[in-house]
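For what it's worth, my numbering labels the leading residue of the sequence shown as 1, then goes sequentially. To keep things clear, I will list the structure first and then write my remarks on it.
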Amino acid sequence: MLKIADLEISCFRSILNLKLCIESEPNLISICGENNVGKTNTLRAINLFFNPEDYEISMDRPTLKQAQGGARIDPKITVTLCDDENDEYFQITRDFKYYNIQNEKFLSGVSFTKRGTLINKKSKKTMTFAEIKSKLELIEFRYIESINIDIPDLIEKLTNDAIDVEYEQSRMTKSKQELKNAYVKYITGLQEILDVFSNDISRIFNEFKSNWNVTFKVPSSADTFRDLISDDVELLIDDKGCRGIEQKGSGLQRLAVILLNFEILKRIKHKKSYILCVDEPDIFLHDGLQKKLMEFFKESSDKMQIFYTTHSKNFINQYSMKNIILLGSKHYPQHSARKKRYIDVVETIFIDISTNDGYDQICEHLGIEQNTYNVLKKNNILVEGGCDKKYLEQLGDYFGFKKPNIISADGVTNVEKYLDFYNSYYKDNTTAYKPCVKVLFDNDLAGRDVYCKIKKDKYTYINVCPVLLCNFNNTSNMNLTNNTCNHEIEDYVYPEIICYLVNKLLQKKSFNTIDIGKVTEKIIKPAYQNNGILYTIEYEKNEQNQEEGHKISFVSAKKATNDIKNGLAGMFNIPGDRAIIELLEQCDRKYPYVKNFLKEIFTFE
1 MLKIADLEIS CFRSILNLKL CIESEPNLIS ICGENNVGKT NTLRAINLFF NPEDYEISMD
61 RPTLKQAQGG ARIDPKITVT LCDDENDEYF QITRDFKYYN IQNEKFLSGV SFTKRGTLIN
121 KKSKKTMTFA EIKSKLELIE FRYIESINID IPDLIEKLTN DAIDVEYEQS RMTKSKQELK
181 NAYVKYITGL QEILDVFSND ISRIFNEFKS NWNVTFKVPS SADTFRDLIS DDVELLIDDK
241 GCRGIEQKGS GLQRLAVILL NFEILKRIKH KKSYILCVDE PDIFLHDGLQ KKLMEFFKES
301 SDKMQIFYTT HSKNFINQYS MKNIILLGSK HYPQHSARKK RYIDVVETIF IDISTNDGYD
361 QICEHLGIEQ NTYNVLKKNN ILVEGGCDKK YLEQLGDYFG FKKPNIISAD GVTNVEKYLD
421 FYNSYYKDNT TAYKPCVKVL FDNDLAGRDV YCKIKKDKYT YINVCPVLLC NFNNTSNMNL
481 TNNTCNHEIE DYVYPEIICY LVNKLLQKKS FNTIDIGKVT EKIIKPAYQN NGILYTIEYE
541 KNEQNQEEGH KISFVSAKKA TNDIKNGLAG MFNIPGDRAI IELLEQCDRK YPYVKNFLKE
601 IFTFE
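Right under this line is the structure:
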């Protein structure tokens, strides 16, 4: 599949010079920022690259450049396409300085391969005009605007596209002439073709609202085949109310445009690759539909690359932070010698979000905040403490698992009290389900003691399933007797992550940090394994801080130690923390048990 790997835009509207590097995965590229910073202009530039006939000099030249003049006042757009199947790159430039001149400089390009992240210079070669055109013809590109569009007119164009695509794939091989000569056959045949298409996309619409259906109506009068297609085929949205698209609300009209574009793209078989730009897919849609549309984007991105602008937190993946582009703007007056006055300039700029400051700006702009869930639901996990809850929820979100309701008992000695309360509360259960509660115990003396006391048949009105925690590499002693194992939630979490959090805490206290490599080597040795990672960390901390080390303890039973453990868990915030994200990616490959166990405990039959 051909995908955009790099994008460079010069002298296009508010964009004087913008370079964007697109990661190979995921195929969803989120462009966010405040209003009027150039998000839409970025999509317009991509559209102009694929559809140069849309060039409008008065609109697309930057205001500053038009006022100042100079050698470079026309847009120049360079797109680097990556063929991920053959590991080839094609850097193609459209220079609109030569737009009205029959000049090869208007469209130029080079092809190359890479060695790691560097270009293999020996492989670099200039592409001919024919080679460039041939490569671009492999891509089906679509741009869905959010403003200045006539929805009914656009729907008509999309309807024509649907007819063309479906008609080409139909069995009616003697198409137009037959339909001219045999109008009845036309009506029957075309309606059958469109019925197949409408049935398919109705299933997609049903996912967003159960009573939405799509139909195409072919009336019984026409002069010519093409006139019939253009003028008489009408798209109807059947939601048990009015059926005409122009009579629907803005949200449904917008959703119809987006879904039809996706479904038509999927049916264009002769193209190798699909690139779609959607300007503000979240507008006019309520929160629930936004989430469903984002899920639809994720599913569709397996087969196409999707760029979109957004103001909604529902369209941002906080647990990946990949291919999230944050744009800002600079506002300043600039004197124009030609116009002999100052002009107001708005220049689009790229904001680096590789640091937490950039992520904070995204949070501030989109209003991202963590949600908490404290109500007993159908599927629940009862854990010993708040640290367990925090680690499990963060890891669950990172892996994209559907989370059950996770509840802290605030201590293992409270677990039985919680279960007794829930069992009593649901005695007169009026809900449609019988709650299931998995109870996760630390594999230490206190945890094993309460684990053995839990009798499933004691709880009549809730389903209870006790689970004993294992460490990160599944080597804990799981025997209930003759067991000296002291494994807590910190032993289940990746050891590199725990050490990283410990070092952050030590740095805040101006202590020397521990050697992560030494800790991860020791905890798999028999002499250290049963004691747990915090005992090994305690020893290494004291070794590195022999004068002050006693002031912080990770292993005592005192309240201060519990506060420190809570502090470590409190710093485990994956969204936006690239250091933690990179560690998680490495550890996921190194210790597969952590993800597998989490998936198992999050799964309820």
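Where is the CB? At the ideal position from N, CA and C, for every residue including glycine.
Q.
Just to confirm the assignment, what range does the alpha helix (DSSP H) spanning glutamate 582 have?
A. 578-590 is the span of the alpha helix (DSSP H), which, as asked, contains glutamate 582.
Q. What's the C-alpha gap between tyrosine 539 and lysine 508?
A. Those two C-alpha atoms are separated by around 19 angstroms.
Q. How big is the Cα-Cα spacing for lysine 174 and glycine 189?
A. Confidence is the limiting factor: at lysine 174 the pLDDT is only 49, short of 50, which leaves the residue's position unreliable and the question unanswerable from this model.
Q.
By DSSP's criteria, glutamine 305 is part of a beta bridge. Which residues make up the other side?
A. Answer by DSSP bridge pairing, in chain order: Ile275.
Q | Sequence-distant residues of the same chain with beta carbon closer than 6 angstroms to threonine 536, five excluded per side | A | So the list reads Val519, Lys522, Ile523 and Tyr528, once near-sequence residues are dropped.
**Q.** Beta-carbon proximity check, isoleucine 77 vs arginine 94, cutoff 7 angstroms
**A.** Contact annotation: isoleucine 77 and arginine 94 have beta-carbon atoms nearer than 7 angstroms.
Q) Cα-Cα, which of Asp282, Ser58 and Ser320 is closest to histidine 311? A) Selection Asp282, Ser58 and Ser320 evaluated against histidine 311 yields Asp282 as nearest (Cα-Cα).
Q) For the alpha helix (DSSP H) that contains proline 466, what are its first and last residues? A) Note, proline 466: premise wrong, no alpha helix (DSSP H); beta strand (DSSP E) at 463-468.
Q. Taking the alpha carbon of leucine 107 as the point to measure from, which residue in Ile139, Val79 and Asp428 has its own alpha carbon closest?
A. Out of Ile139, Val79 and Asp428, the CA that lies nearest to the CA of leucine 107 is found in Val79.
Q) Using the beta-carbon count (16 or more within 10 Å), is proline 333 buried or exposed? A) Note on proline 333: under 16 other CB atoms within 10 angstroms of its CB, so exposed under the neighbour-count rule.
Q.
Can you list, in chain order, the residues of its chain with a C-beta nearer than 7 angstroms to that of lysine 559? Leave out the 5 residues immediately preceding and following it.
A. Cβ neighbours of lysine 559 within its own chain (closer than 7 angstroms, five residues either side excluded): none.
Q: Assign glutamate 600 to one of two classes, buried (16 or more other C-beta atoms within 10 Å of its C-beta) or exposed (fewer than that).
A: Exposed is the call here.
Q: Classify leucine 190 as helix, strand or coil using the three-state DSSP reduction.
A: DSSP places leucine 190 in the helix class (H, G or I) of the three-state scheme.
Q) Given lysine 389, which residues of its chain have a CB within under 6 angstroms of its CB, disregarding the five upstream and five downstream residues? A) Within the same chain, and ignoring the five residues on either side of lysine 389 in sequence, the residues whose Cβ sits closer than 6 angstroms to its Cβ are Val383, Ile406 and Ser408.
Q | CB of valine 214 within 7 angstroms of CB of isoleucine 201, strictly | A | It is a contact, given that the beta carbons lie within the stated cut-off.
Q) What residues are listed by DSSP as bridge partners for arginine 44? A) Looking at the DSSP output, arginine 44 shares a beta bridge with no other residue.
Q.
Looking only at its chain, what residues have a beta carbon closer than 8 angstroms to the beta carbon of lysine 3, apart from the 5 residues adjacent to it on each side?
A. The residues are Ile22, Ser24, Asn27, Leu81, Cys82, Asp84, Ser273, Ile275 and Gln305.
(Q) Quick check on DSSP: helix, strand or coil for leucine 285? (A) Coil.
(Q) Three Cβ pairs or more, each shorter than 8 angstroms: is that satisfied between the segment 413-425 and the segment 453-469? (A) Flag = yes, the segment 413-425 and the segment 453-469 touch.
Q) When the Cα atoms are used, what is the spatial distance from asparagine 41 to aspartate 302? A) It is roughly 26 angstroms from the alpha-carbon of asparagine 41 to the alpha-carbon of aspartate 302.
(Q) Suppose you measure from the CA of aspartate 588 to the CA of lysine 595; what does that come to, to the nearest Å? (A) Those two C-alpha atoms are separated by around 7 angstroms.
Q. On the three-state DSSP scale, how would you describe isoleucine 264?
A. When secondary structure is reduced to three states using DSSP, isoleucine 264 falls in the helix class.
(Q) Within a Cβ cutoff of 7 angstroms, which residues of the same chain sit near isoleucine 132, ignoring the five residues on either side of it in sequence? (A) The answer, listed in chain order, is Ile92, Leu107 and Gly109.
Q: Let me know the secondary structure DSSP gives arginine 94 once reduced to three states.
A: Under the three-state reduction of DSSP output, arginine 94 falls in the strand class.
(Q) Assuming the contact rule is C-beta atoms closer than 8 angstroms, glycine 517 and glutamate 488 should be a hit. Round their C-beta distance to whole Å, please. (A) In fact, because the Cβ distance is near 22 angstroms, the residues do not count as touching under 8 angstroms.
Q: Report the three-state DSSP secondary structure of threonine 126 (helix, strand or coil).
A: Here threonine 126 sits in strand by DSSP.
Q) Count the other CB atoms within 10 Å of the CB of lysine 565; is the residue buried (16 or more) or exposed (fewer)? A) Result: buried.
Q | Supposed close pair alanine 569, glycine 386 - CB separation, criterion 8 angstroms | A | Distance from alanine 569 to glycine 386 at the Cβ level is roughly 7 angstroms; contact confirmed, criterion being Cβ atoms closer than 8 angstroms.
Q: Measuring alpha carbon to alpha carbon, tell me which of Thr481, Glu295, Tyr451 and Asp491 ends up nearest cysteine 470.
A: Just measuring C-alpha positions, the residue of Thr481, Glu295, Tyr451 and Asp491 sitting nearest cysteine 470 is Asp491.
Q) Going by the beta-carbon positions, is the gap between serine 14 and glycine 38 smaller than 7 angstroms? A) It is a contact, given that the beta carbons lie within the stated cut-off.
Q) Going by alpha carbons, who is nearest to asparagine 429 out of Met294, Lys378, Glu393 and Leu468? A) For the residues Met294, Lys378, Glu393 and Leu468, the minimum Cα distance to asparagine 429 belongs to Lys378.
Q) Curious, which full-length alpha helix (DSSP H) runs of at least 4 residues does the segment 481-513 contain? A) Here the runs fully enclosed are 489-492 and 495-508.
Q | Rounded separation between isoleucine 204 and lysine 217 - CA only | A | So the two alpha carbons sit approximately 19 angstroms from each other.
Q.
Just to check my reading of the structure: phenylalanine 297 and isoleucine 46 have Cβ atoms closer than 8 angstroms, yes? What is that Cβ distance to the nearest angstrom?
A. About 17 angstroms; that fails the 8 angstroms criterion.
(Q) Looking at the strands, I want to know which residues DSSP matches up with valine 79. (A) DSSP lists Leu7 and Ile92 as partners of valine 79.
Q.
Give me the residue from Val257, Asp87 and Glu8 with the minimum Cα distance to leucine 48.
A. Ranking the options by Cα distance to leucine 48, first place goes to Glu8.
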